[in-house]
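Colleague: Let me give you the structure first, and then I'll get to my questions.
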Amino acid sequence: MPRSPMNRREFVKKSAVTGAAVAVVGGVAAGPAQAAEEKSGHRPRTWSFSILGTTDLHSHVFDWDYYKDAPYADKAGNSVGVARVATLVKRQREAKGEGRVLLVDAGDIIQGTSLAYYFARVDPITAGVKHPMAVAMNHMRYDAAALGNHEFNYGIDVLRKFESQCRFPLLGANALDAKTLRPAFPPYTVKRIRVPGAPDIKVGILGLTNPGIALWDKDNVSGRMVFPGLVEQARKYVPRLRALGCDVVFLTDHSGLDGSSSYGDELPYVENASNLVAEQVPGIDAILVGHTHVEVPSYTVKNERTGQDVLLSEPYCWGYRLSVFDFELELHHGRWRVTGKTAQTLNPDTVEEDPEIKRLLEADHELVVKYVNTPVGTCTADLSAAESCWKDVPIMDFIHKVQMDTVKAGLSAADAALPLISVAAPFSRTADIPQGNVTIKDIAGLYIYDNTLYGKKLTGAQLKDYLEYAAKYYHQVPAGTKVDTATLTNANSFWDYMYDTAAGVDYEIDIAQAEGSRIKNLTYDGAPVADDQLFVVAVNNYRANGGSGYPHIASADIAYSSTNEIRQLMIDYVTAKKALDPADFADVNWRLTQAGTPVF
17 MPRSPMNRRE FVKKSAVTGA AVAVVGGVAA GPAQAAEEKS GHRPRTWSFS ILGTTDLHSH
77 VFDWDYYKDA PYADKAGNSV GVARVATLVK RQREAKGEGR VLLVDAGDII QGTSLAYYFA
137 RVDPITAGVK HPMAVAMNHM RYDAAALGNH EFNYGIDVLR KFESQCRFPL LGANALDAKT
197 LRPAFPPYTV KRIRVPGAPD IKVGILGLTN PGIALWDKDN VSGRMVFPGL VEQARKYVPR
257 LRALGCDVVF LTDHSGLDGS SSYGDELPYV ENASNLVAEQ VPGIDAILVG HTHVEVPSYT
317 VKNERTGQDV LLSEPYCWGY RLSVFDFELE LHHGRWRVTG KTAQTLNPDT VEEDPEIKRL
377 LEADHELVVK YVNTPVGTCT ADLSAAESCW KDVPIMDFIH KVQMDTVKAG LSAADAALPL
437 ISVAAPFSRT ADIPQGNVTI KDIAGLYIYD NTLYGKKLTG AQLKDYLEYA AKYYHQVPAG
497 TKVDTATLTN ANSFWDYMYD TAAGVDYEID IAQAEGSRIK NLTYDGAPVA DDQLFVVAVN
557 NYRANGGSGY PHIASADIAY SSTNEIRQLM IDYVTAKKAL DPADFADVNW RLTQAGTPVF
């Protein structure tokens with residue numbers, strides 16, 4: 017769930033390196049021996065090799081949308097899936113030589129599609145089947161992958177089983193055992209590029225994951241693992257790789273580029289720290305970046321101690337792109353030295369899917385297609401999420417209804433006497449539950465994350481703070497100014513999955529007002545909410561543990577918790593009811609206003 021999409025225009029402004037592959041000199045001054053070689057006319061031995069990179073694949077194997085039950089399609093014409101990326105990888109190896117290409121991933125592999133859920137919960141890999149992503153990535157001959165935060169969504173047992181099925185290491189230098197503070201996963205691996213008649217080129221690959229795991233998957237990792245910062249652990253392991261004789265040090269980071277954190281000050285470690293690692297830790301040649309789901313073909317950061325340029329690239333997500341790092345080296349007195357490096361991203365949308373991956377995994381894919389098309393009930397009306405980011409629509413009330421019913425049934429007698437409300441985010445503007453037959457894919461397309469459910473206690477004052485924080489999602493639109501929904505939302509890089517609406521209380525969001533002063537007429541059961549009034553708030557585990565930096569909620573007292581995924585609770589609700597009727601839950605609890613006048 018967590019990612020902090022970054023404005024690509026920021027990178028265009030900050031760096032001259034945008035879409036093209038630009039040469040970056042290693043920055044090592046010529047020494048006396050090199051000068052003597054050049055003076056004598058002797059040319060040093062040279063060699064080149066490449067590191068290919070993927071990230072945030074989120075279990076996209078084929079170019080398929082399980083929520084739509086159709087080939088994937090978006091406005092930009094992208095394709096998804098490692099099956100197409102595999103064809104690009106094969107072509108790179110053919111063009112450059114099998115021994116001159118390494119393949120690395122930057123994390124978030126085993127969560128994100130219905131296929132991922134199926135092999136974690138419906139026919140779990142812990143019961144003996146192989147994960148399709150392990151099969152695909154083994155076939156592609158990955159050399160290493162960093163752990164992503166979503167690797168922990170289904171628990172450590174599922175992750176360990178996936179790890180055992182991979183013929184490449186899952187790296188996490190900052191994923192430590194909570195008791196011993198020793199690495200719980202391999203911190204690094206060292207690969208060798210064979211050079212005929214010369215020493216091997218030793219490539220150290222260090223993997224770093226996201227410190228936010230400690231919050232986002234607290235229920236799965238608390239007491240078992242801790243996640244210190246990327247800079248802190250890179251400072252420990254980069255010198256170690258150099259001491260091992262690595263000629264090239266390459267990092268694969270499940271962490272973005274802008275130094276930001278979506279969780280405020282809940283953790284002492286930065287969420288998107290790859291730029292800080294490059295800037296503050298000497299000895300790094302290049303970094304494959306992940307987590308933020310953006311395309312950054314090539315970007316350089318100057319190390320503040322050595323003055324050398326560190327090359328970074330992020331290949332979007334889902335198999336949209338493949339990063340290609342090309343390295344040039346020279347041999348001097350038995351040691352290889354990087355003399356040039358470039359990065360670019362390749363688009364797989366023009367190549368065919370790898371036929372061997374299709375042969376290996378077509379049956380698994382068909383199982384998932386059959387599963388998502390399983391009917392669970394009917395619906396009396398079409399429920400669309402198209403306007404869910406600026407209107408209180410019935411499809412969102414469906415989520416609130418399930419959350420409140422579930423929490424209510426699990427409360428103690430004392431807590432059941434408290435007023436109960438719900439908060440939830442509009443994850444997908446394209447979600448739609450059709451009139452007539454409802455299938456698993458219709459509900460899965462609405463609730464796309466594998467979140468579990470909490471009930472937490474907030475006072476009226478804290479609830480208002482919470483809603484004010486959510487309201488910064490909207491750009492300020494002064495009274496008398498036309499409201500354009502195309503530009504209304506996502507202010508402050510506050511993305512749809514970060515924006516919570518509430519049900520059970522009534523309120524207005526006045527977008528003509530400045531941030532922090534937008535929540536008006538907050539009432540419960542027709543009466544103004546008092547500052548000291550105590551509520552039970554149904555909320556997903558990601559938000560309950562501090563995701564997106566909402567105030568008060570992470571430290572609030574727990575009234576209810578469950579390991580059941582909210583999506584499955586919604587499926588069970590429809591299955592039990594047989595007919596989904598918005599008359600049972602649709603209610604307008606919130607509305608946008610402009611200086612007190614309703615906007616819509």
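For the sequence shown, the working numbering assigns the number 17 to the initial residue and increments by one for each residue that follows. Backbone N, C-alpha and C fix where the C-beta goes; we use that ideal spot for every residue, glycine too.
1. Excluding the 5 residues flanking leucine 377 on each side, which residues of the same chain have their C-beta closer than 7 Å to its C-beta?
2. Sort Val604, Gly128 and Thr71 by Cα distance to valine 120 and report the nearest one.
3. For the beta strand (DSSP E) that proline 391 lies in, which residues bound it at each end?
4. What is the DSSP secondary structure of serine 277, reduced to helix, strand or coil?
5. Hey, could you find the ends of the alpha helix (DSSP H) glutamine 451 is sitting in?
6. Determine the DSSP secondary structure at phenylalanine 135, reduced to helix, strand or coil.
7. Going by beta carbon distance, what residues of the same chain come within less than 8 Å of glycine 461, once the five residues before and after it are set aside?
8. Round the Cβ separation of alanine 162 and leucine 224 to the nearest angstrom and send it over; I've been treating them as touching at under 8 Å.
9. In whole angstroms, give me the CA-to-CA distance for serine 578 and leucine 469.
10. Taking the alpha-carbon of alanine 486 as reference, which of Pro598, Tyr566 and Phe266 has the nearest alpha-carbon?
11. Given that a residue counts as buried once 16 or more other Cβ atoms are within 10 Å of its Cβ, and exposed if not, what is arginine 116?
12. What are the residues that DSSP puts in a beta bridge with leucine 304?
13. Quick check: what's the CA-CA separation for glycine 323 versus lysine 207?
14. Using CA coordinates, which residue listed in Asp159, Ala440 and Lys386 is at the minimum distance from leucine 15?
15. Tell me whether arginine 210 sits in a helix, a strand or coil according to DSSP, three-state version.
16. Can you tell me which of Cys333, Gly245 and Leu257 puts its alpha carbon nearest to the alpha carbon of asparagine 288?
17. Roughly how many angstroms lie between the CA atoms of isoleucine 229 and glycine 213, to the nearest whole one?
18. Can you tell me the Cα-Cα spacing of leucine 538 and glutamine 181, whole angstroms?
19. Candidates Ala433, Asn467 and Ile411: which alpha carbon is nearest alanine 602's?
20. Just how far apart, CA to CA, sit glutamine 50 and alanine 191?
21. Should serine 314 be labelled buried (16 or more other beta-carbon atoms within 10 Å of its own) or exposed?
22. Between aspartate 263 and glutamate 346, what straight-line distance do the alpha-carbon atoms span, to the nearest angstrom?
23. Does the Cβ-Cβ distance between leucine 504 and tryptophan 406 come in under 8 Å?
24. Along the chain, where does the alpha helix (DSSP H) that runs through phenylalanine 184 open and close?
25. For alanine 425, which of Gly471, Glu382 and Ala543 has the nearest alpha-carbon?
26. Excluding the 5 residues preceding and the 5 following glutamate 368 in the sequence, name in chain order all residues of the same chain whose CB lies nearer than 8 Å to its CB.
27. Pop quiz: histidine 307 and asparagine 226 are said to be a contact at Cβ under 8 Å. What is the actual Cβ separation, rounded to whole angstroms?
28. Considering only the alpha carbon of each residue, which of Trp232, Thr196, His568 and Ile209 lies closest to isoleucine 67?
29. Helix or strand or just coil, what does DSSP make of glutamine 478?
30. Does alanine 511 come out as helix, strand or coil in the three-state DSSP assignment?
Modeller: So, from the data block:
1. Val77, Pro148, Val151 and Ala152
2. Thr71
3. 391-395
4. coil
5. No alpha helix (DSSP H) contains glutamine 451, which DSSP labels as neither H nor E.
6. helix
7. Tyr83, Lys84, Ser444, Thr446, Ala447 and Asp448
8. 6 Å
9. 6 Å
10. Tyr566
11. buried
12. Thr268 and Ser329
13. 26 Å
14. No statement about residue 15 is possible, as the shown extent of the chain runs from 17 to 616 and does not include it.
15. coil
16. Gly245
17. 46 Å
18. 52 Å
19. Ile411
20. In this prediction, glutamine 50 scores a pLDDT of 43, lower than 50, which makes its location untrustworthy; the coordinate-derived value is nonetheless stated afterwards. Glutamine 50 and alanine 191: Cα-Cα distance of roughly 41 Å.
21. buried
22. 11 Å
23. yes
24. Phenylalanine 184 -> no alpha helix (DSSP H), and no H or E assigned at all.
25. Gly471
26. Arg100 and Thr103
27. 6 Å
28. Ile209
29. helix
30. Before going further, note that residue 511 is tryptophan rather than alanine in the sequence given. It is coil, neither helix nor strand.
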